[in-house]
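The opening residue of the sequence shown carries number 466 in our numbering; numbering runs sequentially from there.
Down below is the structure, laid out as structure tokens.
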Amino acid sequence: MTVQNLETTISKTNAGQLIKNYEALVEEISIGSYRSPYPTVTRFEAANRIMSDLVILYGVKWLLDNSVFPFENYIVEYGNEDKNGFDIRAAGNGEKDLRW
């Protein structure tokens, strides 16, 4: 599995499993003496991307678990993807699209 294969829509029902999948991915791929789902970048950049991904995953899970916003799903981008123009997007329950 690669980062590109990870599910990008996070909901209450799959958030915990997505975190487990991501953590397993980091453990699975070893480049030299370090592990990273980003094998084509420097160690520093890989660490930066991994930390950003984990902040997004755990942050969205917390938002969902605590019903902070009225959204049922969040669409995220991992690493330095830029498919949607935003790292996190959410919409639903009659609310306008939220992006950050």
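Cβ atoms here follow ideal geometry from the backbone N, Cα and C, with glycine treated the same way.
Only a predicted model underlies this, so the values are computations on that prediction, with no experimental measurement involved.
C-alpha gap between residue i and residue j, whole angstroms
i      : j      : result
TRP527 : ASN538 : 12 Å
LEU529 : GLY481 : 11 Å
ARG514 : THR467 : 13 Å
VAL541 : LYS548 : 10 Å
Residue i, enclosing alpha helix (DSSP H) - first and last residue
i      : result
ASN513 : 508 to 530
ASN545 : First-last for ASN545: undefined, no H or E at that position.
TYR487 : 480 to 493
Bridge-paired residues (DSSP) for residue i
i      : result
THR474 : ILE540
GLU560 : GLY557
Delimiting residues of the beta strand (DSSP E) encompassing residue i
i      : result
GLY557 : 553 to 557
Per-residue burial, residue i [other beta carbons within 10 Å of its own, 16 or more giving buried]
i      : result
TYR523 : exposed
GLY559 : exposed
PHE536 : buried
ALA489 : exposed
GLY544 : buried
ARG508 : exposed
VAL533 : exposed
Proximity to residue i [Cα-Cα], best of the options
i      : options                           : result
VAL520 : TYR503, GLU546, THR505 and ASP552 : ASP552
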